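Enquirer: Sharing a structure, written as structure tokens. Questions coming.
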DNA sequence: GTCTATAGAGCGATAGAC
DNA sequence: GTCTATCGCTCTATAGAC
């Protein structure tokens, strides 16, 4: 996913994959080094310590997901279509970057306080973008929700779940899965969902 | 949560709490021992190794949640009310046992193959109980879902998310939160949700 | 920038006295 | 069943040659 084959990027890519599979505490610097074909000490020429690799992986994901999901949101759309736009690009991003999403959810607790503060703030921004869509829809009377904050979190955890089970090699195509989650997410806040045009 | 204050139960309780906070790989036998006021070697009088503690914690959760959520399901009810019954008891259980739910989702990858096989089977049974409710509702024409299997997983991950943020000390009461998730879950499969009687 | 070598600490697990 | 003591191993991180 990272562009450029510098050693630093190779280390980040290897760490992302290993962290997603075994967890931050389940991966050693030796394993990361071996994955990029280098010797253990060499990693410290590119990152000051193990924690910095985790922070780097998480921050890269946050900026990429912001660019892919939050930035394109069109404020001129009505709440239902804005929500649909959000959910569709969010699920697409989750499927295409499942390792990152898995890490974002699982390894918050592995962050030391300094890194955690910045990353938690970016996560809050992401959550509040969805929450404001839900609030608009509630005020406009097109959503049926009793608490926008809780419904925002419930939608996000629902959509994060796709990374746990979806595999490109499985029976469903990404497009099928995206459409299914769009339906579930829109319906969960009481928005009307209409089947997309036949493909 | 475990009844009886035998040393074995105290070890299991301490491990559950520590595993939920720092992850299986982030907790040492020494920390568990210190939490129960014993010395490290003493744990091995009650469990053969660290992995056995994790398996024990997970299995206890599976049997308790089965008893609390799956066993009471009333097959005579129509799909909508059966789903509502499932979701309500499931969310209640998740809130009251958030450490267990967190561990069940996060530490599957920390299980060695032997323990994983049995626990994955019980999880599949749990998921298929929900899936069969969804299929019944789909066949009866009362749910709007394009794939019962995906919607079942999406409901379960939505409901598991409550453990990430809900705290008893927060602004919402458990009853409020349960009701909100019941609404979101029922609406997500296109079932009609009517506000519960005023309390 | 990459290597070898290793320091220093913490890990799971065991042995044996009581 | 609990203690003390310790083995053998792996970990993160550093030092210094090339």
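Protein chains in written order, with this note's numbering: chain A, 685 to 883; chain B, 685 to 883. Here a beta-carbon is modelled for each residue, glycine too, at the ideal position from N, C-alpha and C. Only a predicted model underlies this, so the values are computations on that prediction, with no experimental measurement involved.
CA-CA distance, residue 729 of chain A and residue 774 of chain B?
Expert: 49 Å
Enquirer: DSSP on residue 692 of chain B, reduced to helix/strand/coil?
Expert: helix
Enquirer: Let me know if residue 784 of chain B comes out buried or exposed under the rule of 16 or more other beta-carbons within 10 Å of its beta-carbon.
Expert: buried
Enquirer: What first and last residue would you give for the alpha helix (DSSP H) that runs through residue 861 of chain A?
Expert: 858-872
Enquirer: Given that residue 777 of chain A touches chain B, what residues does it touch there, using C-beta distances under 9 Å?
Expert: Going along chain B, no residue has its Cβ under 9 Å from residue 777 of chain A, so there is no contact; the nearest lies around 16 Å.
Enquirer: So does residue 729 of chain A have its beta carbon nearer than 7 Å to some heavy atom of the ligand GDP?
Expert: The ligand content of the structure shown is nil, which means the ligand GDP is not present either.
Enquirer: Any chance you could list the beta strand (DSSP E) runs of at least 3 consecutive residues sitting entirely within the region 728-807 of chain A, in chain order?
Expert: none
Enquirer: Of all the residues that make up the region 805-819 of chain B, which are near chain A by a beta-carbon distance shorter than 7 Å?
Expert: none
Enquirer: Tell me whether the beta-carbon of residue 811 of chain A lies closer than 8 Å to the beta-carbon of residue 836 of chain A.
Expert: yes
Enquirer: With a threshold of 16 other CB atoms inside 10 Å of the CB of residue 705 of chain B, please say whether the residue is buried or exposed.
Expert: exposed
Enquirer: Can you give me the C-alpha to C-alpha distance between residue 674 of chain B and residue 754 of chain B, rounded to a whole angstrom?
Expert: The displayed coordinates of chain B run from 685 to 883. Any statement about residue 674 of chain B would go beyond what the structure contains.
Enquirer: Which first and last residues belong to the alpha helix (DSSP H) in which residue 716 of chain A is found?
Expert: 713-719
Enquirer: From what residue to what residue does the alpha helix (DSSP H) around residue 826 of chain A run?
Expert: Unbroken run through residue 826 of chain A: none, as it is neither H nor E.
Enquirer: Residue 838 of chain B and residue 842 of chain A look like a contact to me (Cβ under 8 Å); what is the Cβ gap, rounded to whole Å?
Expert: 5 Å
Enquirer: Taking the continuous alpha helix (DSSP H) assigned at residue 841 of chain A, which residues delimit it?
Expert: 832-844
Enquirer: Return yes when the Cβ of residue 737 of chain B is within less than 8 Å of the Cβ of residue 850 of chain B, no when it is not.
Expert: no
Enquirer: Please return the same chain residues whose Cβ sits closer than 7 Å to the Cβ of residue 863 of chain B, not counting the five positions on each side in sequence.
Expert: 880
Enquirer: Taking DSSP as the reference, what is the three-state secondary structure of residue 847 of chain B?
Expert: helix
Enquirer: Rounded to the nearest angstrom, how far is the Cβ of residue 717 of chain B from that of residue 763 of chain B, given a contact under 8 Å?
Expert: About 49 Å separates the two Cβ atoms, so there is no contact after all.
Enquirer: Counting contacts by CB-CB distance shorter than 8 Å, is residue 831 of chain A in contact with chain B?
Expert: yes
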